[in-house]
Amino acid sequence: KDYYNTWNIRPNDEFNAPTLPYDVDLSKEKTVNPKYKEQSLFNSDHSVNMKYFKTFKYHEDDITPKAILERNDALYEKVMSHKINEPRVDNLQRPDVNYRRANATLMSLVRNSEIDGLVDSMRQVEAHFNKKFRYPWTLMNNRPFEEEFKRRVLAETDAQVNFVVIPPELWDIPPSIDIEKMNAGMKKLADQDLPYATLASYRNMCRFNSGTFYNVPEMQQYRWYWRVEPSVNYFCDIDYDVFKFMEDNGKTYGFVATLYEIAETIPTLWSTSLEFVKENPQYLNPNGAFDWLLNDNQLPDKAKLAKGYSTCHFWSNFEIGDMDFYRGEAYSKWFDHLEKAGGFYYERWGDAPVHSVGLGLFADKSKIHWFRDMGYHHPPYYHCPTSDKCSGCTAGLFTPHENILDQNCNPHWIRFSMTEKDLELY
Ligand code: GDP
Ligand code: MN
Numbered sequence: 053k054d055y056y057n058t059w060n061i062r063p064n065d066e067f068n069a070p071t072l073p074y075d076v077d078l079s080k081e082k083t084v085n086p087k088y089k090e091q092s093l094f095n096s097d098h099s100v101n102m103k104y105f106k107t108f109k110y111h112e113d114d115i116t117p118k119a120i121l122e123r124n125d126a127l128y129e130k131v132m133s134h135k136i137n138e139p140r141v142d143n144l145q146r147p148d149v150n151y152r153r154a155n156a157t158l159m160s161l162v163r164n165s166e167i168d169g170l171v172d173s174m175r176q177v178e179a180h181f182n183k184k185f186r187y188p189w190t191l192m193n194n195r196p197f198e199e200e201f202k203r204r205v206l207a208e209t210d211a212q213v214n215f216v217v218i219p220p221e222l223w224d225i226p227p228s229i230d231i232e233k234m235n236a237g238m239k240k241l242a243d244q245d246l247p248y249a250t251l252a253s254y255r256n257m258c259r260f261n262s263g264t265f266y267n268v269p270e271m272q273q274y275r276w277y278w279r280v281e282p283s284v285n286y287f288c289d290i291d292y293d294v295f296k297f298m299e300d301n302g303k304t305y306g307f308v309a310t311l312y313e314i315a316e317t318i319p320t321l322w323s324t325s326l327e328f329v330k331e332n333p334q335y336l337n338p339n340g341a342f343d344w345l346l347n348d349n350q351l352p353d354k355a356k357l358a359k360g361y362s363t364c365h366f367w368s369n370f371e372i373g374d375m376d377f378y379r380g381e382a383y384s385k386w387f388d389h390l391e392k393a394g395g396f397y398y399e400r401w402g403d404a405p406v407h408s409v410g411l412g413l414f415a416d417k418s419k420i421h422w423f424r425d426m427g428y429h430h431p432p433y434y435h436c437p438t439s440d441k442c443s444g445c446t447a448g449l450f451t452p453h454e455n456i457l458d459q460n461c462n463p464h465w466i467r468f469s470m471t472e473k474d475l476e477l478y
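Numbers 53 to 478, taken from my numbering, label the letters of the sequence shown in order.
Structure follows, in structure tokens:
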């Protein structure tokens, strides 16, 4: 299939409000650095041209990060203020009497103590989406769920619920980890006052969400997952089947927001990944989201600490994805390589940058979908579309906190990974 022509956009009809043309010209959004020398991704012997990842094509030396941020904010505002409804494809699936679901589950990793927050999130997902489709829920925990927890969860849905205790080998610190080295790494983060600096449980959670959740026996029966966290908000009615939307339109991964990472938690994630790519050129996707991974001009210090990776990532507390991608050879072998390096424990690699680097290197970027119609909030960030299907969310708001407005790298996704057709999809 043509990379840049994956949408079959439906003409205006009763489901699709007429779209206005976008006030955005994507071809004018990328300015090539005059000093850039054209690089091809592969050498003639099919090895990877590693220089490709060292020289960033769109970096502009004469523009300050502040000016870049202003330009990016303007692009974000333009796109977010555009009135949208649903994806304008001809194959949205609506619920009906004999509805056949996709092979999918709503999934939440959660502790017994988070029951109030989970009920809150579930209630919104059920009201906006799942009461129409009744996808099963899979709730996972490293400890057994209490009876009271189960009772309260079951009261929120008519769908099937799987309560899963995670097998210890998919959760606990692997035996290969040198505990003294881990403690030294924890101290380093604690000295810089970084969040979750010394928590082993947080590291277990990040590793689980990065590379083992899709191998939990109860998860193996499913292909698609929608990750739901406790204490988040969903603001918009979703009247079509999002899993079938992914499947029928050839998508691998869906997100709502992209942000920068605390670079101190992933100093060697990128270099470790490039090592793998160098040894395994066959897994690199020629249409990967490389420019998005590499663009460093809004917060250049992040890319310096992360040795060339901008740290821009899909915010993984919301995600809808195809687990067969993670189970596939490229991602699994790369994950094994990351495990050997030990950065989940020696540093504090998060599942968001890990998924993002994996997708950016090994997936075709046209298979990654920005769910612009999913109004969402996980403190401190929002994704708020301009849509009649949403309420309780201020259209276009990214965060109410001025000092973290610069953490939004969604404009880089728009600029470097989206096509005109992707824009017109909504
Ligand atoms: P943050 O969003 O990065 O601040 O991290 P969270 O505290 O929200 O954790 C991410 C997800 O993992 C949430 O769904 C938590 O409920 C869950 N989680 C984190 N740590 C644990 C743990 O030790 N056990 C279990 N069962 N769930 C956890
Ligand atoms: Mn969270």
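Every residue, glycine too, gets a C-beta built ideally from N, C-alpha and C. Computed from a prediction, not measured in an experiment: that's the story for all the values here.
Sequence-distant residues of the same chain with beta carbon closer than 6 Å to residue i, five excluded per side
i    : result
K53  : In this prediction, K53 has a pLDDT of 42, which is less than 50 and means its spatial position is unreliable; nothing more can be read from the coordinates.
Y55  : In this prediction, Y55 has a pLDDT of 48, which is less than 50 and means its spatial position is unreliable; what the coordinates show is noted afterwards. The answer, listed in chain order, is N339 and S418.
A341 : G412, K417 and S469
Y478 : I136 and R424
V329 : V100 and L336
L161 : M192
H430 : V284 and N369
V217 : P196
A447 : C436 and T438
V76  : K130
Other residues of its chain near residue i: CB distance less than 8 Å, five sequence neighbours each side excluded
i    : result
K89  : T107
Y305 : F366, E371, I372, G373, D374, F377, H407, L411, A415, K419, I420 and H421
F185 : P147, Y151, R153 and D293
Y274 : N155, A156, T157, T190 and M375
N95  : N101
L78  : I466, R467, M470, T471, E472 and L475
R85  : Strictly speaking, residue 85 in this sequence is Asn, with Arg absent from that position. Counting only Cβ-Cβ distances below 8 Å, and skipping sequence neighbours, we find F108, K109, Y110, H111, E112 and D113.
From the options, residue whose alpha carbon lies closest to that of residue i
i    : options                   : result
A156 : D458, L346, V213 and S325 : V213
K432 : P338, V409, N143 and V284 : It should be pointed out that residue 432 corresponds to Pro in this sequence rather than to Lys. The shortest Cα separation from P432 among P338, V409, N143 and V284 belongs to V284.
A207 : D230, P220, M174 and S228 : M174
S262 : S96, S384 and K135        : S384
E198 : V329, F215 and N347       : F215
Y397 : N85, M257, P219 and E122  : M257
A382 : F295, N332, M238 and D458 : N332
Q334 : Q91, Y74 and H98          : H98
G360 : S325, E391 and H389       : S325
R203 : S228, V171 and N85        : V171
H111 : D403, P405 and L345       : L345
K145 : L93, K296 and M159        : It should be pointed out that residue 145 corresponds to Gln in this sequence rather than to Lys. Ranking the options by Cα distance to Q145, first place goes to K296.
F450 : S133, Y74 and N60         : S133
D142 : N455, A358, A355 and W59  : W59
D458 : V84, S165 and D125        : D125
Rounded C-alpha distance that separates residue i from residue j
i    : j    : result
G394 : R259 : 10 Å
N101 : P319 : 22 Å
C461 : C364 : 6 Å
K109 : R379 : 32 Å
F181 : K135 : 21 Å
D343 : N150 : 44 Å
E316 : T190 : 33 Å
D114 : L475 : 29 Å
M234 : P139 : 45 Å
R467 : G302 : 22 Å
E479 : K82  : The requested residue 479 is not part of the displayed model; the chain covers only 53 to 478.
M271 : K80  : 44 Å
K87  : E281 : 44 Å
W223 : N194 : 7 Å
E327 : W386 : 10 Å
V409 : S323 : 11 Å
E129 : I120 : 14 Å
L93  : K103 : 8 Å
G402 : D300 : 30 Å
G427 : F307 : 11 Å
L241 : E232 : 15 Å
L251 : K239 : 11 Å
E455 : P269 : The displayed chain sequence assigns Asn, not Glu, to residue 455. Roughly 43 Å between the two C-alpha positions.
K392 : L321 : 12 Å
Y434 : E178 : 20 Å
Own chain, CB closer than 7 Å to residue i, minus 5 neighbours either side, in chain order
i    : result
Q176 : N285 and Y286
I314 : L246
R255 : F396, Y397 and R400
T310 : C364, H365, F366, W367, C461, N462 and W465
- Distance cut 7 Å, beta-carbon to the ligand NAD heavy atom: residue list by chain order: Annotation note on the ligand NAD: not contained in the displayed structure, which lists the ligand GDP and the ligand MN as its ligands.
- Item | Every unbroken alpha helix (DSSP H) within the region 138-178, with a cutoff of 4 residues, ordered by chain | 167-177
- Message: For the region 442-460 against the region 286-296, do three or more pairs of beta-carbon atoms, one drawn from each stretch, fall closer than 8 Å, so that the two count as touching?
- Response: yes
- Residue ranges of each alpha helix (DSSP H) within the region 322-404, 4 or longer: 342-346, 352-357, 375-379, 381-393 and 395-398
- Where are the alpha helix (DSSP H) runs, 4 residues long or more, that stay fully inside the region 76-136, in chain order? 117-132
- Query: Hey, which unbroken runs of the beta strand (DSSP E) at 3 residues or more fall wholly within the region 229-264?
  - Reply: none
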